[in-house]
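6 protein chains.
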Amino acid sequence: MRNNNRQNNEKREVNFKLDVNIHAEGAVLVSFGQTKVICTASVDDKAPPFLRGENKGWVTAEYAMLPRATNVRNVRESIRGKLSGRTMEIQRLVGRALRSVVDLTKLGERSIIIDCDVIQADGGTRTASITGGFVALKLAVNKLIEEGIISENPIKEYLAAISVGVCDGETILDLEYEEDSKAEVDMNIVMTEKGNFVEIQGTGEETTFTDEQLFEMLAYAKKGINELIRQQKEVLGE
Amino acid sequence: MRNNNRQNNEKREVNFKLDVNIHAEGAVLVSFGQTKVICTASVDDKAPPFLRGENKGWVTAEYAMLPRATNVRNVRESIRGKLSGRTMEIQRLVGRALRSVVDLTKLGERSIIIDCDVIQADGGTRTASITGGFVALKLAVNKLIEEGIISENPIKEYLAAISVGVCDGETILDLEYEEDSKAEVDMNIVMTEKGNFVEIQGTGEETTFTDEQLFEMLAYAKKGINELIRQQKEVLGE
Amino acid sequence: MRNNNRQNNEKREVNFKLDVNIHAEGAVLVSFGQTKVICTASVDDKAPPFLRGENKGWVTAEYAMLPRATNVRNVRESIRGKLSGRTMEIQRLVGRALRSVVDLTKLGERSIIIDCDVIQADGGTRTASITGGFVALKLAVNKLIEEGIISENPIKEYLAAISVGVCDGETILDLEYEEDSKAEVDMNIVMTEKGNFVEIQGTGEETTFTDEQLFEMLAYAKKGINELIRQQKEVLGE
Amino acid sequence: MRNNNRQNNEKREVNFKLDVNIHAEGAVLVSFGQTKVICTASVDDKAPPFLRGENKGWVTAEYAMLPRATNVRNVRESIRGKLSGRTMEIQRLVGRALRSVVDLTKLGERSIIIDCDVIQADGGTRTASITGGFVALKLAVNKLIEEGIISENPIKEYLAAISVGVCDGETILDLEYEEDSKAEVDMNIVMTEKGNFVEIQGTGEETTFTDEQLFEMLAYAKKGINELIRQQKEVLGE
Amino acid sequence: MRNNNRQNNEKREVNFKLDVNIHAEGAVLVSFGQTKVICTASVDDKAPPFLRGENKGWVTAEYAMLPRATNVRNVRESIRGKLSGRTMEIQRLVGRALRSVVDLTKLGERSIIIDCDVIQADGGTRTASITGGFVALKLAVNKLIEEGIISENPIKEYLAAISVGVCDGETILDLEYEEDSKAEVDMNIVMTEKGNFVEIQGTGEETTFTDEQLFEMLAYAKKGINELIRQQKEVLGE
Amino acid sequence: MRNNNRQNNEKREVNFKLDVNIHAEGAVLVSFGQTKVICTASVDDKAPPFLRGENKGWVTAEYAMLPRATNVRNVRESIRGKLSGRTMEIQRLVGRALRSVVDLTKLGERSIIIDCDVIQADGGTRTASITGGFVALKLAVNKLIEEGIISENPIKEYLAAISVGVCDGETILDLEYEEDSKAEVDMNIVMTEKGNFVEIQGTGEETTFTDEQLFEMLAYAKKGINELIRQQKEVLGE
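Protein chains in written order, with the working numbering: chain D, 13 to 250; chain V, 13 to 250; chain S, 13 to 250; chain C, 13 to 250; chain G, 13 to 250; chain H, 13 to 250.
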C-alpha cells in the first residue's frame, strides 16, 4: 500500500500558495505532498542576445535546491563552482516546456525568467517546478496585460507535468522520493490542457520497459495532468 | 517618520516559525519585517579535516539569497561559478558569531552547518541570519542532547544580532532596505544575553562617524538584542 | 523528398569501422550518414568511489564534439572551462542507456568509460554515440573475457538508439541536421534487441504532439533499431 | 613583556619607502615591523561600468600575499582559481576605507586602483595596506594635480588604520602575528586625521568582550592612528 | 635498432589525407607513423579584438587530445575546467609558427583558426600539428583566393616541423613515444622551405647537452623538414 | 646605441640581494637592470604524489607578476581564475631548468618550491627568475646540509640563464623591454657552468632566422652566462 492510502493512479495532495514574494512579477509556493517549490517569474525588459532584433521574447527557467531540501545535505552548486548535469537537465526541461505554450512574438522583446527553488524535496521536484512555474508565468503575463505592456495573451493553453513510474512491477502516479528511489522505470510527462504531449522522458535505469507499461504510464499521467490543470485554473481564478 | 510609525530605537516585527523542514535537525523561518530567512541546522558526524583528532567539533554557516529575494533579480552564484565577496563576508561572520557561544569540545567530533537562505530581502539579512541561525543551532543541539548523542549542553549563552545606523543624521535601529541604502553609517552588532559583544562591524561608506554616534548606536543595539533574545527564548520554550 | 531519396521510415547509411585506435580496449568509428563518432572503451581497474566495496562495476560515458564538427565552429568546452548543459545531458543519457543492458555485478570492481567524440556532425550524434558506444563496450567486454579477467558475459542484450521526429507534419526516421533544425517534434529512442524500451525522450519545442504521432514515431524507431542491431551483430561477428 | 620591549599602547616601528616602482603613478613600501607591503596606485582613465556617465570616479583596492610571505607557504590564489573569503574581505575593506576620504566627483571619470601586495607578513597586513595604500593614493592624486589632469584635491583628509586587541586579558596595540594568533579579541580601526571613525571591525572568536575593553581598545587605536598620520605627512612632505 | 628498422636520421612514414571534413575551409588528417592528428582550418570573418581596425588578420591554433589518444586514458580538459600548461604551450607554439610564414596584412581583417585534435598519439604530436596545420591553412587560403575573397597569397613560404633528440647518447630524428619517454634531450624544430629557423625548442630534462649534439640535431632536423615540405607540396598539388 | 651605452654583447647591471625574507629557507631579490624578481625557496617535507615511495625529491617553480610590475597594469591571474599560457610556460621552464642540475635522489623525499615573483618588469623576467631561482635553491640546499637533513650536495653544477635576440638586424644580449618588444628574434638560453646547454628556446614571431644568427646568439649567451655564474658564486661566498 502507498503512503496516505494512495491509489496507484492517485496523485499526492497538491497546493498552490500565492502572494509569497513582494518583489516578483509572479510567485507561487507549489507543494506536491512534502515537495515544496517556490516559483517566481521575473520580467526583464530585454530579449536574450540571440533574439535581439527579432521582435520576439523568451521564457527561460532556473532550478536549484536549498542544501537541506533533501534528507542528506547537499553541497551548494555555488561552492562547487558549477551546475550539476542534473540541474542543467531540469532547468532546460522546465524552460522548454513552458515555451511550448507561449507565443513568443506576442510577448514582445522581453524575457521572463522562472526561478524554481526547491525548499523541501520528496520526489517530483521537476514536475512540481513545471506545474508551479506555469502558474508564476501566468501571473506575470496577467500583470503585463493589466499594465497594458502587452496587448494580447501570449499563453496558448494551460500546461502541467507529473511523474509516473513502475515500482515493484506496478504502474504508479506521482512518485514520492521513497518510491522513486526504488522504481524500475521513471517517466516525466508534460501535457497541455488539450491533452497533447509537450515532453515525454522515460528511463529504465538498469532495466527496460514494454509497450504495455508505456501505455499505462501515459494513461495515468493524462489523468493526473487533467487534475493539475483544473487546480491551476482554480487558483488563478479562471 | 519611519515606516509603520517605528521609533528610531524600535526594531521591526520579528517572528520565528518552527517546523519548516522535515529533514533538518533544526529549522526556523525567521522574519524581520519583510526580510525572511530559512535557517536550517545540519549535523554531520565528522569534524572538519583541520580538527580531526582534536576531540572537538565545529559550527559553520553558509548564506545565500534566492535570485528574486531582492527587488531586482540577481544572477545565481552557482551560475557565476563563484561566491561573491559579500556572501563570503556574511557567512564567515555568521559562523564566527555562532561559534563564540559554543563550547566546541562539548560538541564532540561533529560539525553543525547552519544554512541561511534568504527567501525575501528587505535589509538586515545578515543579522536575521545570525539571530535565526542561533535558533536552528539550539534546536539541533537540543535534539543531540535528547537523543543522548551529547551529554552536556555546549551552548554557553543566547546570542542575537541587529543592525543599527545613521540615516539623515539620526541614529536608527534595524534598518529596512530603503533606510539602509541611504544610510551614512551602517553597523552590525552581535551580542550575547549577558550583554557582551561578539562582533562589531561599523562602516561609513563615503563618510565618517564620531564617538557620540558610536555610543548611541551601541545603546540602541543593546536594547534590540535584549528584545530578540527574549523572543528566541520564548519560541524555544525557555 | 528527403536527401538521397530516403523514405520517411528509412535510416541513413550506417557504418561501423573497427580497429581505429591502437590503445583502447574497444574502439569503433560509427557513421550515420555524414555524422561520424569515434567511440572508445577504456577499462579502468577500479570501480568509482561510490561503488567501492560493493563488488560491482560501472559503465559511464563522456561526449564531446571537435570544434569544427559542425558547420559553424564551436568554442571548446575546455576553453569555456565547463561542460554545456547539452553535453552533460547527452553523456548522462549514453551512460544510463549502456548500463541498462549490463549486469554490473558480473563486471567486477572495474569501470568501463565510453568516450564518444564527434568528428563530424550532421544530426543524430547522441543516437550514433549510443549505438557505436555499445559496439566499443562489447569489444572491451569480449577482450576482458578472452583474457580471463571476467568469466561471465555481463552484457544482457544488444542495444541501439535512433532519432525520430515530426517534420512538416510528417513522421520521419533518423533526422539529418537540416531536418532536425526545422522539426516540430524531436524524439530519441533507445531499445534493446528484445524490443523493450530503455529510454524515450520526446520534445516538442514551441509545439506539442498527439498520441497518434507518438505511436507512429515509436513504430519507426522500432524498425530502425532492429536494423541497427542487425548491423552491430554483423560487425561484431555474431 | 612584548617583543622589542613594546608597551601595550605602543605600535611597531613603521616605515614608508617611496620610489619603489618605475611604472606606477604612486608607490610605497610600507613596513609595520616585519610586515612589509608594496602599495601601488594605478590610474585608469575610465570610471568603472556602474559609474559611467555619472561624472565621478572610483577608488578600489586589491590585496594579495606572496606565497612565502608567511611562515608556512600558502598556495597561490591564481592556482586555486579563486580568491579566498579572507582576501575579498580585506580588499573590500581597503577600498571602502580609502573611498571614505575621497570626494569622488573631484576625481573625474577615472579609477584609481590600489594594489597591496604583502611581501612579508607578521600580523596587521590589512591595516598596513590601508595606511600604505593611502600614501600611494595621495602620491597618484598629487601627480594628477601636478599634471593638470584634475584641478581640485579630491582627498578630504588623511586616513590610517591600526589593529588593537585583547591578549591574555590585556589590551594591546598593533599586534604581531604571534600576538594575533592567540588574541581573545581582534579589532581593526580606521580613522581620519580629525579623529572620526571610518571603520570598526571587532571580533571575539570563541569569546566575547565588554564595553570597557571596547573603550580601551578605541583609545589605544586613536593614539596609534595619530602617530601614523604624522608619519604619513612627513614622508609626503607636508 | 629503432622500430621498423629506421635509421637515426630517418623520419617515420608520414601521410596527409585530405577531404576529412565537410564543414571546414581546410582539413587534413596527418599521420607521423601511429601519431594521427585531424587539422582543420576555420575562417572567421572578424579579426581578433586586439587587431580591430588595423587592417590585418590573424592566424591562431588550438590543440587537444582525445582522452584515449594515449595509452593511459587522460581526463578531459573540459572536465578539469582548464587547459593544462602543456596544451597552452603547444597551441601557442603552433600558432606562432604558422604566423611566421603569413603576411597578415594580405589576409585582410579575418582570422583563421587551426584546430589540431590528436586522434591517436605516439610521440611528435606538436610537430605533426604544425606540419598538418600548415596544410590545412594552405587549403583555406587557397579557397579564399579561389573565391576571390583575398587577392594576393598571404603565405610567404612552406613550413614544417619535426622533433629530434638524444637517446642513449645517439642523435635521432622524429621520436616515437617510446623513444621520447627515455630521451636525454628533446628538441622541436620549425623551419621554412628556404632553410631558415622559425622556432628551436631544445630541452634537457635532468641533463644537459653540448654544442656538438646541438649541431647534429639541427642537421637531422633540416633533412627531415626538407622531406616533409616535399610531401606537403605533393599533397597540395604544387 | 643601447641604453646606458651598452655594447651588443653586454648584459645589464645584475645584482643579487640576500636576506629579503625572514620565513623562506632561501631568498634573493635579483635585479637585471630595472627587472626585479623576488625568488624564495620553500622546503616541503613531502615529495609530490607522483614520486611517493621513489626515494627521491622534486624541485618545482611558480612564477607571477605583481599587477603593476609592468607599464600597463595587468589583471591578476587570481581574479581571472586561471593562469595564462605565458605564466605556465615560464614556470614550467624555470622548474625544468633548475631540476637539470639537481640530483633528485640526493634530495631525499622532499620538495623545494621556487617562487619567482616579479616586483618590477623590464624584459628578461624569465631569465632573471632562473638565475635568481638558482641562488634561492642553493641557499635552501645549503641550509638542509648545515642542518644535517641531507648529507650530500644534490646540486651538480651552477646554472644561469640569459636572453639574446636580433633587433634591427643586430644580435644583442639581455634585452630590455623596449628592445624585446621590437625584436625580430627572441631567444632564451639556459646553460651550466661547464658550458653545456639545458634549454634553448628561440622564436621568430612573424619572421625567421639563419644559422649564422643562431650561432652568434649562442656565443653572446655563453659570454653572459659565464658572467652571471661568476656573480652567483660571489654572492654565495664560493
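Beta carbons: idealized from backbone N, C-alpha and C, even for Gly.
All of these numbers come straight from a predicted model, not from anything done at the bench.
Assigned exposure category for residue i - 16 Cβ within 10 Å defines buried
{"i": "residue 15(D)", "result": "exposed"}
{"i": "residue 62(V)", "result": "exposed"}
{"i": "residue 37(D)", "result": "buried"}
{"i": "residue 166(H)", "result": "buried"}
{"i": "residue 237(H)", "result": "buried"}
{"i": "residue 83(G)", "result": "exposed"}
{"i": "residue 89(G)", "result": "buried"}
{"i": "residue 92(V)", "result": "exposed"}
{"i": "residue 163(V)", "result": "exposed"}
{"i": "residue 24(G)", "result": "buried"}
Residue i at chain S interface by Cβ criterion, 7 Å
{"i": "residue 165(D)", "result": "no"}
{"i": "residue 34(G)", "result": "yes"}
Residue of the options minimising C-alpha distance to residue i
{"i": "residue 27(G)", "options": "43(G), 21(G), 38(G) and 34(G)", "result": "43(G)"}
{"i": "residue 68(S)", "options": "111(S), 54(S) and 96(S)", "result": "111(S)"}
{"i": "residue 71(G)", "options": "145(G), 184(G) and 240(G)", "result": "145(G)"}
{"i": "residue 39(S)", "options": "242(S), 124(S), 179(S) and 232(S)", "result": "124(S)"}
{"i": "residue 168(S)", "options": "114(S), 198(S) and 190(S)", "result": "114(S)"}
{"i": "residue 151(G)", "options": "140(G), 245(G) and 136(G)", "result": "245(G)"}
{"i": "residue 269(C)", "options": "51(C), 119(C) and 142(C)", "result": "Past the edges of chain C, shown from 13 to 250, lies residue 269(C), and the structure says nothing about it."}
{"i": "residue 192(S)", "options": "127(S), 153(S), 138(S) and 116(S)", "result": "138(S)"}
{"i": "residue 131(S)", "options": "148(S), 156(S), 77(S) and 98(S)", "result": "77(S)"}
{"i": "residue 127(G)", "options": "118(G), 140(G), 116(G) and 119(G)", "result": "140(G)"}
{"i": "residue 129(G)", "options": "75(G), 66(G) and 122(G)", "result": "75(G)"}
{"i": "residue 199(D)", "options": "171(S), 54(S) and 214(S)", "result": "214(S)"}
{"i": "residue 32(G)", "options": "233(G), 47(G) and 53(G)", "result": "53(G)"}
Neighbour flag for residue i against chain V, beta carbons, 7 Å
{"i": "residue 146(C)", "result": "no"}
{"i": "residue 141(D)", "result": "no"}
{"i": "residue 132(D)", "result": "yes"}
Min CB distance residue i to chain H below 7 Å
{"i": "residue 112(G)", "result": "yes"}
{"i": "residue 46(C)", "result": "yes"}
Below-7 Å beta-carbon distance, residue i vs any chain G residue
{"i": "residue 108(H)", "result": "yes"}
Interface flag, residue i vs chain C, CB-CB below 7 Å
{"i": "residue 218(V)", "result": "yes"}
{"i": "residue 104(V)", "result": "yes"}
Beta carbon proximity, residue i to chain B, threshold 7 Å
{"i": "residue 127(D)", "result": "The structure shown contains no chain B; the protein chains it does contain are D, V, S, C, G and H."}
Near the ligand GTP: residue i beta-carbon under 6 Å from a heavy atom
{"i": "residue 133(C)", "result": "Absent from the structure shown: the ligand GTP. Ligands present: none."}
Rounded Cβ spacing between residue i and residue j (contact assumed at less than 8 Å)
{"i": "residue 235(D)", "j": "residue 17(D)", "result": "Contact flag wrong, Cβ pair sits at about 18 Å."}
{"i": "residue 221(C)", "j": "residue 178(C)", "result": "6 Å"}
{"i": "residue 149(G)", "j": "residue 109(G)", "result": "Not a contact, Cβ separation roughly 11 Å."}
Just by C-beta distance, which residues in the segment 79-101 of chain V are closer than 9 Å to chain C?
-> 93, 94, 95, 96, 97, 98, 99, 100 and 101
Within 7 Å of chain S by C-beta, residues of the segment 221-233 of chain D in sequence order = 221, 222 and 226
According to a CB-to-CB cut-off of less than 8 Å, which residues of the segment 170-181 of chain G neighbour chain H?
-> none
Can you give me, in chain order, the residues of the segment 188-216 of chain G that have a beta carbon less than 7 Å from any beta carbon in chain H?
-> 204, 208, 209, 210, 211, 212, 213, 214, 215 and 216
Using a Cβ cut-off of 7 Å, which residues of the segment 52-71 of chain C contact any Cβ in chain H, in chain order?
-> 52 and 54
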